[in-house]
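Residue numbers (our numbering), protein chains in the order written: chain A, 992 to 1109; chain B, 992 to 1109; chain C, 2 to 281; chain D, 2 to 281. Worksheet for the structure shown next.
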Ligand SMILES: [Fe+3]
Ligand SMILES: [Fe+3]
């Protein structure tokens, strides 16, 4: 395996450094990139499954998106800057997405990770 | 005027080196690039003027394209690799395009420039 | 010849633009953050730069993974705000400093850099937010032209920190060799510490951020020598975009004066920093 | 480790593909041209390379002027032939050597090169024609994987010749450091002398072409030191694309053996050359 960025867990829990995962996320990221087009946002809202099928997502990927399982989307190679576009269609705060990935409730996440007084 | 490639006639008769001309050709080149799409080729064949209008060509540019004035298209900043796509829709040999730019008849061009026995 | 009047560093968190749009500027949550930029805005009013070279990254809004340039120079006449999912933001288009951008591209290629040359693209919050922070949102037109430099900080391999520092040095040469009376600023944007994805999401590192704001002025060669991995470890997966500040720093002289600086944490999920530097 | 078994140079004129399609291979006009490649095809059969790194330029078929990379590395799993205006040509898709391409990209970035990283693109005659000339058109699948390296030779500023030579050296290192048993060839494509546009259209320079075929083997440092203007003056506006052969040459050792070479003029409007080099 070439390159310094394929080493697993060189820096814990940073999916950006996992090349296999990044490459595996191409479809899911392309689907989410589509949401910068207003027509696609309408299609996504009207029939989410059909929209996901259009981009050839497999069952695992579709389930992750349909259930808004952010941690799972990232595990499947979704890059946050793509999947954030889902939050433009179906609003959720980025700190909630963060908390979900960290496996914390929102308040604990704000306090323990971001140092907010909550 | 910055850069070594804005000097006029540094190498005679090589429009590639003329930056102002290259930049001026953006519209005409974008129109021609469109012809790699079969639907656009049909639109071009069906109503050439309407197709050119769609890309915002000005009168000078439209006349050059409509009259297949290759020398003029190049003078206006058309890059040959773009405008060649017109020859895919409306066939002409590349040596004829060359002869036209050199201001020669085809046979003379083949003989005097390319060294062919004609 | 043109003159580089200063280097500006700033975060470019999208929530900053959203906060302004929602009228949250003077809420207890945001007021201290925005107030930190007041001296910088005063500095801008005093120096009236003509051209801002803005080093930033597109966050997969105008570019997709199909083609990711290591870095790219915008040579366009105009840049419209891109639709990031909520529709394009209601801000004026940015006028490009096209003629300088071509001069920069020439200079880079002559110095063994390999830019992508851009003639048509839209720009996301990575450029918009810094412009609003330093210039304020104008009613009709921005008072300064822009040259966007897009850097890949998201698709590995991202560039080495010292490559970006070297890019900044050539940028500085390009400004100094540009035949014009215009005044330039260079903006390094992104960071500071944050991580948005993975189990480490929410990571911030305020002590490292404060040290960075000191070192970027005093010891940039040290920061340029860090590995990409060390940036990620220290500043988080997305915080590593901080390497873009090195382009701004490289354009300045070795010795600089810190005119203003500010730090605030967290802006959304990010340690947010600002600095205004002038050549000493 | 992987092994570089040879460097191949060839023209990539679109008319060559068209001539094959029209069944003109054995006409008096084309036969001498195609026959010149017979020894090279025999060489390919003997060496059976697994991966071909193909250095070429897209002729504004898959890319537009909106975003022109100085050079780009294809990391895709597959490359389909692009529609250049007549519909995509009826040849099999090219399988990418994706894993090596990422290793190459890593190596380039670590060595201060700034590639565009490509994961999805189609390829034009610049890649197709050389593959057909050396391997022949296969009925179902190409017997070799490809790594396309796209070089900007059309939108000025194009890269310096010595930059491409240096790129070739890093490419050579990347092959040598690649953990695999695969055999590699590098193809430098384009040229030789031709000019397609302007009043100088139809310019060819057979003596310079013949000298180039000698110098690319014996004196590549000299050729790498030429200015871009000198390439244009000597080989014509479009013939300057010949600088792409320097990437191939840079991947080889300083001393090489010329196994085969051929020259023919004009193929369409171009001085057409071919060379097969091995490390001495
Ligand atoms: Fe960013
Ligand atoms: Fe070519």
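Just so it is clear, CB atoms sit at the ideal spot from N, CA and C, and this is done for glycine as well.
{"Item": "Chain C residues whose Cβ lies nearer than 8 Å to that of residue 1010 of chain B", "Value": "103"}
{"Item": "Unbroken stretches of the beta strand (DSSP E), 3 residues or longer, contained in the region 147 to 195 of chain C", "Value": "184 to 190"}
{"Item": "The region 1077 to 1085 of chain B / the region 234 to 245 of chain C touching (three or more Cβ pairs under 8 Å)", "Value": "no"}
{"Item": "Euclidean distance between Cα positions of residue 151 of chain C and residue 1009 of chain A", "Value": "23 Å"}
{"Item": "CA-to-CA distance, residue 98 of chain C to residue 158 of chain D, given in whole angstroms", "Value": "18 Å"}
{"Item": "Proximity test, residue 106 of chain C beta-carbon vs ligand 2 heavy atom, cut-off 8 Å", "Value": "no"}
{"Item": "Buried versus exposed call for residue 77 of chain C [16 or more other C-beta atoms within 10 Å across all chains shown]", "Value": "buried"}
{"Item": "Closer than 8 Å at the beta carbon, the chain C residues around residue 11 of chain D", "Value": "By Cβ distance, chain C contributes nothing, its closest Cβ being about 24 Å from residue 11 of chain D, past 8 Å."}
{"Item": "Per-residue contacts from residue 194 of chain C into chain A (C-beta, under 7 Å)", "Value": "Those within 7 Å of residue 194 of chain C in chain A number zero; the least Cβ separation is about 11 Å."}
{"Item": "Residue 1073 of chain B Cβ short of 8 Å to ligand 3 heavy atom set", "Value": "In the structure on display, ligand 3 does not appear, and the ligands it does have are ligand 1 and ligand 2."}
{"Item": "Inter-residue spacing [alpha-carbon to alpha-carbon] between residue 17 of chain D and residue 48 of chain D", "Value": "24 Å"}
{"Item": "Alpha-carbon to alpha-carbon, residue 68 of chain C and residue 266 of chain D", "Value": "37 Å"}
{"Item": "Below-9 Å beta-carbon distance, residue 73 of chain D vs any chain C residue", "Value": "yes"}
{"Item": "The region 3 to 12 of chain C in contact with the region 130 to 138 of chain C per 3-pair CB rule at 8 Å", "Value": "yes"}
{"Item": "3 or more residues per run - each beta strand (DSSP E) lying fully within the region 75 to 128 of chain D", "Value": "117 to 119"}
{"Item": "Where the region 108 to 137 of chain D meets chain A: residues whose CB sits under 9 Å from a CB there", "Value": "108, 111, 120, 121"}
{"Item": "The region 140 to 151 of chain C touching the region 74 to 94 of chain D, judged by at least three CB pairs closer than 8 Å", "Value": "no"}
{"Item": "Unbroken beta strand (DSSP E) run spanning residue 262 of chain C, endpoints", "Value": "257 to 268"}
{"Item": "Residue range of the unbroken alpha helix (DSSP H) whose run includes residue 142 of chain D", "Value": "No alpha helix (DSSP H) holds residue 142 of chain D; DSSP gives it neither H nor E."}
{"Item": "Whether residue 244 of chain C touches residue 160 of chain C by CB criterion (9 Å)", "Value": "yes"}
{"Item": "Minimum Cβ-Cβ distance from residue 37 of chain D to chain B less than 9 Å", "Value": "no"}
{"Item": "Helix, strand or coil at residue 999 of chain A according to DSSP, with G and I counted as helix", "Value": "For residue 999 of chain A, the predicted model reports a pLDDT of 34, less than 50, meaning its position is unreliable and no value from the coordinates is stated."}
{"Item": "Given residue 176 of chain C as reference, the closest of C:253, C:213, C:140, C:117 once Cα atoms are compared", "Value": "C:253"}
{"Item": "Chain B contact residues for residue 62 of chain D, given Cβ-Cβ distances below 7 Å", "Value": "1027"}
{"Item": "First and last residue of the uninterrupted alpha helix (DSSP H) at residue 1022 of chain B", "Value": "1017 to 1024"}
{"Item": "Test: residue 94 of chain C CB closer than 9 Å to a CB of chain D", "Value": "no"}
{"Item": "Interface flag, residue 69 of chain C vs chain D, CB-CB below 9 Å", "Value": "yes"}
{"Item": "CB contact check: residue 198 of chain C to chain A, cutoff 9 Å", "Value": "yes"}
{"Item": "Neighbour list for residue 1053 of chain A in chain C, Cβ cutoff strictly below 7 Å", "Value": "Residues of chain C passing the Cβ test: none, with the nearest at roughly 20 Å."}
{"Item": "Distance between beta carbons of residue 52 of chain C and residue 101 of chain C, contact taken as under 8 Å", "Value": "6 Å"}
{"Item": "Neighbour list for residue 1031 of chain B in chain D, Cβ cutoff strictly below 7 Å", "Value": "Those within 7 Å of residue 1031 of chain B in chain D number zero; the least Cβ separation is about 10 Å."}
{"Item": "Chain B contact for residue 152 of chain D (CB, 9 Å cutoff)", "Value": "no"}
{"Item": "Segment contact, 8 Å Cβ cut-off, at least three pairs: the region 165 to 181 of chain D with the region 76 to 90 of chain D", "Value": "no"}
{"Item": "Between the CA atoms of residue 233 of chain D and residue 995 of chain A - distance to the nearest angstrom", "Value": "Unreliable placement is indicated for residue 995 of chain A, whose pLDDT of 39 sits below 50; no coordinate value is reported for it."}
{"Item": "Reference residue 153 of chain D; option with closest CA among C:60, C:40, C:84, C:116", "Value": "C:116"}
{"Item": "Residue 271 of chain C - containing beta strand (DSSP E), residue span", "Value": "271 to 280"}
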